[in-house]
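Start counting the sequence shown at 54; every next residue gets the next number (the numbering used here).
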Amino acid sequence: MYLTFKAENNEKGIYAALWNKATYYYNQSKMDSVSQTLHEALRLAENSMDNKKIVDCYIRLASVETKLGHFEASKELTFKAFEVAKKENHWENLYKIYNKLGNDFFYENKMEQALMYYLKVDSIFHAKDKQETALASALSNIGNIYMGLKNYDKAETYFNRSSSVFKSLGHVEGENHIMVKLGQLLWNSGQYRASINKLGAPLQYYKTAGNLNELTIITNWIGAGYLKLKEYGEAKHYFEASLDYALEAGDQFWEANGLVNLAEISRLEKQPDISIPYLQKAWEIYENMNITYNSPQILKLLSQSYEQKKDFKTALSFARQYQQLTDSLTILENSKSLQEIEAKYQTEKKEQEIALLKAENAVKETQKLVYIGLVAFLLIAFAVIYWIYSNKLKTAKKIKELNDLKSRFFANISHEFRTPLTLIKSPVQNLRIHVDASQKAQLDMIENNSNRMLELVDQLLELSKIDSGSLQLILKQGNLSSFLESLVSPFEYQSKEVQKPLVVHIEKTTSPLFYDKDVIEKIVSNLLSNALKYGDTNESIHFESKILEAHLQLIISNKSSDLTPNDVSKLFERFYQSNTNNDGAGIGLALVKELVQLYEGKIDTNLNSNQLTFTVTLPLRSNLKHAVVTTTPREFDHLPIETGENTQDLPILLVVDDHPEIRTIIASIFEVEFKVIFATNGKEALVMAQREIPDCIVSDIMMPEMDGFEFSKQLKNNELTSFIPIVLLTAKTSAGTHLEALQSTADAFLTKPFSHDVLKATVKQQIQERKKLQAHYSQELILKPTGILINSVDERFINRLQEVFQEEFANPDFNTELFASKMAISRMQLHRKLKSLFGVSATEFVRNERLKTAADLMKNKKLSISEIAYGVGFNDLFYFSKCFKELYKVAPSEYQKSL
Numbered sequence: 054m055y056l057t058f059k060a061e062n063n064e065k066g067i068y069a070a071l072w073n074k075a076t077y078y079y080n081q082s083k084m085d086s087v088s089q090t091l092h093e094a095l096r097l098a099e100n101s102m103d104n105k106k107i108v109d110c111y112i113r114l115a116s117v118e119t120k121l122g123h124f125e126a127s128k129e130l131t132f133k134a135f136e137v138a139k140k141e142n143h144w145e146n147l148y149k150i151y152n153k154l155g156n157d158f159f160y161e162n163k164m165e166q167a168l169m170y171y172l173k174v175d176s177i178f179h180a181k182d183k184q185e186t187a188l189a190s191a192l193s194n195i196g197n198i199y200m201g202l203k204n205y206d207k208a209e210t211y212f213n214r215s216s217s218v219f220k221s222l223g224h225v226e227g228e229n230h231i232m233v234k235l236g237q238l239l240w241n242s243g244q245y246r247a248s249i250n251k252l253g254a255p256l257q258y259y260k261t262a263g264n265l266n267e268l269t270i271i272t273n274w275i276g277a278g279y280l281k282l283k284e285y286g287e288a289k290h291y292f293e294a295s296l297d298y299a300l301e302a303g304d305q306f307w308e309a310n311g312l313v314n315l316a317e318i319s320r321l322e323k324q325p326d327i328s329i330p331y332l333q334k335a336w337e338i339y340e341n342m343n344i345t346y347n348s349p350q351i352l353k354l355l356s357q358s359y360e361q362k363k364d365f366k367t368a369l370s371f372a373r374q375y376q377q378l379t380d381s382l383t384i385l386e387n388s389k390s391l392q393e394i395e396a397k398y399q400t401e402k403k404e405q406e407i408a409l410l411k412a413e414n415a416v417k418e419t420q421k422l423v424y425i426g427l428v429a430f431l432l433i434a435f436a437v438i439y440w441i442y443s444n445k446l447k448t449a450k451k452i453k454e455l456n457d458l459k460s461r462f463f464a465n466i467s468h469e470f471r472t473p474l475t476l477i478k479s480p481v482q483n484l485r486i487h488v489d490a491s492q493k494a495q496l497d498m499i500e501n502n503s504n505r506m507l508e509l510v511d512q513l514l515e516l517s518k519i520d521s522g523s524l525q526l527i528l529k530q531g532n533l534s535s536f537l538e539s540l541v542s543p544f545e546y547q548s549k550e551v552q553k554p555l556v557v558h559i560e561k562t563t564s565p566l567f568y569d570k571d572v573i574e575k576i577v578s579n580l581l582s583n584a585l586k587y588g589d590t591n592e593s594i595h596f597e598s599k600i601l602e603a604h605l606q607l608i609i610s611n612k613s614s615d616l617t618p619n620d621v622s623k624l625f626e627r628f629y630q631s632n633t634n635n636d637g638a639g640i641g642l643a644l645v646k647e648l649v650q651l652y653e654g655k656i657d658t659n660l661n662s663n664q665l666t667f668t669v670t671l672p673l674r675s676n677l678k679h680a681v682v683t684t685t686p687r688e689f690d691h692l693p694i695e696t697g698e699n700t701q702d703l704p705i706l707l708v709v710d711d712h713p714e715i716r717t718i719i720a721s722i723f724e725v726e727f728k729v730i731f732a733t734n735g736k737e738a739l740v741m742a743q744r745e746i747p748d749c750i751v752s753d754i755m756m757p758e759m760d761g762f763e764f765s766k767q768l769k770n771n772e773l774t775s776f777i778p779i780v781l782l783t784a785k786t787s788a789g790t791h792l793e794a795l796q797s798t799a800d801a802f803l804t805k806p807f808s809h810d811v812l813k814a815t816v817k818q819q820i821q822e823r824k825k826l827q828a829h830y831s832q833e834l835i836l837k838p839t840g841i842l843i844n845s846v847d848e849r850f851i852n853r854l855q856e857v858f859q860e861e862f863a864n865p866d867f868n869t870e871l872f873a874s875k876m877a878i879s880r881m882q883l884h885r886k887l888k889s890l891f892g893v894s895a896t897e898f899v900r901n902e903r904l905k906t907a908a909d910l911m912k913n914k915k916l917s918i919s920e921i922a923y924g925v926g927f928n929d930l931f932y933f934s935k936c937f938k939e940l941y942k943v944a945p946s947e948y949q950k951s952l
């Protein structure tokens, strides 16, 4: 056909033939032929000046580069297409280009850029009110991005929108593809049973379609769901099915994945002789495919399996290999560098040996005399060097003793300051109650200076640790931009109060980085505090952070008309004062400089036109001299290879804050030990608290819709939520704000920036206090609300609880559904309320209260055990005796005799 059209000089036919030819080569994976054919089609389109065809050719050529893994080349071709498309601003060409760019950034794991282009695709279709497959694919990819970021609500929204588009187009396969995504989403959010149910329909569809790749993935996710539910038989069945499909499809990656999952099942069933061969085969496949990120998981499972076999030597060997593989990639790079250096050293050493042999042959006759003279010289030199070295050791020892003495002095004197400062602050707070306005101002001055002295004491302690060499960096992986957002946020509020607006620009980071949270917090806090204190009023303060060549760069600048260029070099001197009329710099900046040096970074200062700028550069690597590295679980896990732990019983923590970065930081603190849920304001949180009944709530104060004070009051005045402890956070540090927080019935109050350890300890303490009430209840014979609770709302709830129970306890058909109905709440709400109040489920509560009532009735010796059992709602006397013995540790008859 191509030759026919060419002979006829039919350009339209020639282009169509070339396009079909390129498609054929693409399906055959002959990329060189595809590229050659498309370039010929491109030249034809350019000659005819057909912009639509030119754009199509560039996008198709870009797809070839993407398939070859050349993402930069692909994006370059796509941007060429964009230059052509924007001339006519044709929406169809534009959405194709944006979709292609989104795909390239997605494959490069650059999710922020990918999301931007996919959203542009969505905007174009929305403006044109069109429904096409490209829109459904873009919405699906947006859902994938939000699922990777653990923003499951947004992910579900976009997946559902994608499904709607596929449905409107009659695209059945697309609908089933989205059902698989929704199943994965349910699995990631811990809803394993729902995930299994959701994946059932697409499983049947792809079985009918015979799509082995999709069947491999779906059966693997279903198996992972049953593994989480500890239903190992079902999990094994689906993992075996996934393995069979992978083998049939020739997909080695999923074959290895299936082997690892089956090995995990065998290990959990204590069958190491089965799990070990699976793991060895998986290891071989991954090694052939040059895949290393699953190696630590396999080594860990091999170690555990050999431990089950009592082969502790082999288990220890694999455990050591696992530890080595989980170390930083920097170690691997350093190892390669060391090998190269060692090879160079060995080469140089051999060359030196050859040269030495030649020299020995040339001076063979005079060697003895030279040797004697050399030995004499070396002895003298050794004696001199030893004398110098011993003197240096003595001097170093004395200096060390002096440094230790100085550090101990600073530490001791700082601790001694704390007691008298506390004795000053406490009477001041008491005097506030009885003084007038003029005296109050003087008391404020005393308290402010006491606080300043406490701050100086803390800084002296920190400097003494650095001077003594006892301070180490604690490096941990995390989202650096989110952490910096949480540090700067409180200063934005303070800057408004002092009329020095803070302008913030923080470069977003997506991949986790190693950094010391405490040290960076001290550096940022001291520099911003210095800017707020010494910056000119009504002049902006600027804060900027960015990542440059594996280094964090922080830039803080402010107008300061009091400084001169001569002052700049002395700002880091402790208690430096430019003149007697100005405040001194204290030790805050000196501490910053010491911390930067400890971090192996640098700090530069510049004064230009009264604009004072501090530039701090800190390395973001893990092999720092004074650093200890702590490892954390990866934020994203791409394969569902799990160990089977159940997270359903974790306590629930509700985090309420309108700032997404603060929510992320708090979630990272609690995600291992808590199930964390989120709300963006008090109004939304109130609804969520009533629905989920969390074990504790951490809330900001300043929020839209409903602030933290009002939220706390409404929470405590609601029977369903009155018992939930709430911790309030705020950037406001005044005593008045603290008092208002406690008056709003909050259980605890912390200021931003907060210590992660203090926040975690506060939440745990609040939950522990609730457990003490539960323990108190468990010792009560009959429920007495006024004896165990002081909250009047909770007391009313307990009274209603007791009324319903007294009315229904003799009814053998009285169950949790009827109980919840009588209390006018849902079964789940009743369960969560009773679990938090008394530490028991609704079923356990009814049973225990019946048994306690029975124990009370046993005081009447005229009543038989059977009469009492039936009287408190038990139909089965044997079951009554069994339950009674479990609670009181004695049989009912023995208990009655003992009364």
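Cβ atoms here follow ideal geometry from the backbone N, Cα and C, with glycine treated the same way.
message = Classify residue 228: buried if its beta carbon has 16 or more other beta carbons within 10 angstroms, exposed otherwise.
response = buried
request  = Note down the Cα distance separating residue 186 from residue 218, rounded to an integer number of angstroms.
outcome  = 7 angstroms
ask   = So, helix, strand or coil for residue 920, using DSSP?
value = helix
ask   = Which ranges does the beta strand (DSSP E) cover as unbroken runs of at least 3 residues, wholly within the region 61-115, from first to last along the chain?
value = none
ask   = Counting pairs of Cβ atoms below 8 angstroms between the region 608-615 and the region 652-672, do you hit three or more?
value = yes
key: For residue 618, the three-state DSSP class (helix, strand or coil)   = helix
key: Chain-order list of residues whose beta-carbon lies under 6 angstroms from that of residue 137 (same chain, five-residue window excluded)   = 104, 107 and 108
message = By alpha-carbon positions, which one of 583, 575, 537 and 342 ends up nearest to residue 548?
response = 583
ask   = In or out: residue 325 buried (at least 16 other Cβ within 10 Å) or exposed?
value = buried
key: Spatial distance of residue 157 from residue 127 (CA atoms)   = 7 angstroms
query = How long is the line joining the alpha carbons of residue 261 and residue 893, rounded to whole angstroms?
reply = 47 angstroms
task = Could you pull out every residue in the same chain whose Cβ sits closer than 8 angstroms to the Cβ of residue 205, ignoring the five residues on either side in sequence?
result = 199, 238, 241 and 242
request  = Please determine, among 733, 616 and 728, the residue with the shortest C-alpha to C-alpha distance to residue 716.
outcome  = 733
Contact between the region 807-827 and the region 762-774 (3+ Cβ pairs under 8 angstroms) = no
Option in 339, 500, 595 and 880 with minimal Cα separation from residue 744 = 880
Between the CA atoms of residue 341 and residue 593 - distance to the nearest angstrom = 58 angstroms
ask   = What did DSSP end up calling residue 723 once you bin it into helix, strand or coil?
value = helix
request  = Select from 804, 820, 754 and 740 the residue whose C-alpha is nearest the C-alpha of residue 777.
outcome  = 820
Cβ neighbours of residue 213 in the same chain (closer than 7 angstroms, five flanking residues each side left out) = none
Three-state secondary structure (DSSP) of residue 583 = helix
query = Can you tell me whether DSSP reads residue 568 as helix, strand or coil?
reply = strand
task = Output yes or no for whether 8 angstroms exceeds the beta carbon distance between residue 719 and residue 751.
result = yes
request  = With DSSP collapsed to three states, give me the class of residue 573.
outcome  = helix
message = Suppose contacts are defined by Cβ-Cβ distances below 8 angstroms. Is residue 352 in contact with residue 374 by that definition?
response = yes
task = Apply the 10 Å Cβ neighbour rule to residue 223 and answer buried if 16 or more other Cβ atoms are within range, or exposed otherwise.
result = exposed
message = For the beta strand (DSSP E) containing residue 782, name the first residue and the last one.
response = 779-783
request  = Report the three-state DSSP secondary structure of residue 668 (helix, strand or coil).
outcome  = strand
ask   = If residue 354 and residue 317 are in contact, beta carbons under 8 angstroms, what's the gap, nearest whole angstrom?
value = 6 angstroms
First through last residue of the beta strand (DSSP E) which encompasses residue 802 = 801-804
request  = Could you work out which residue in 865, 78 and 562 is closest to residue 929 when comparing CA atoms only?
outcome  = 865
Neighbourhood of residue 397 by C-beta distance below 7 angstroms, restricted to the same chain and skipping five residues each side = Interpretation of residue 397 is limited by its pLDDT of 43, a score under 50 that renders its predicted location unreliable; the figure taken from the coordinates is listed afterwards. Excluding residues within five positions, none has a Cβ falling inside 7 angstroms.
ask   = Going straight from the alpha carbon of residue 940 to that of residue 907, what length do you get?
value = 12 angstroms
Buried versus exposed call for residue 927 [16 or more other C-beta atoms within 10 Å across all chains shown] = buried
inquiry  = To the nearest angstrom, how far is the alpha carbon of residue 887 from that of residue 531?
reply    = 37 angstroms
query = Residues in its own chain within less than 7 angstroms of residue 251 by CB, not counting five upstream and five downstream?
reply = 232, 235, 236 and 239
Exposed unless 16 or more other CB atoms sit within 10 angstroms - verdict on residue 945 = buried
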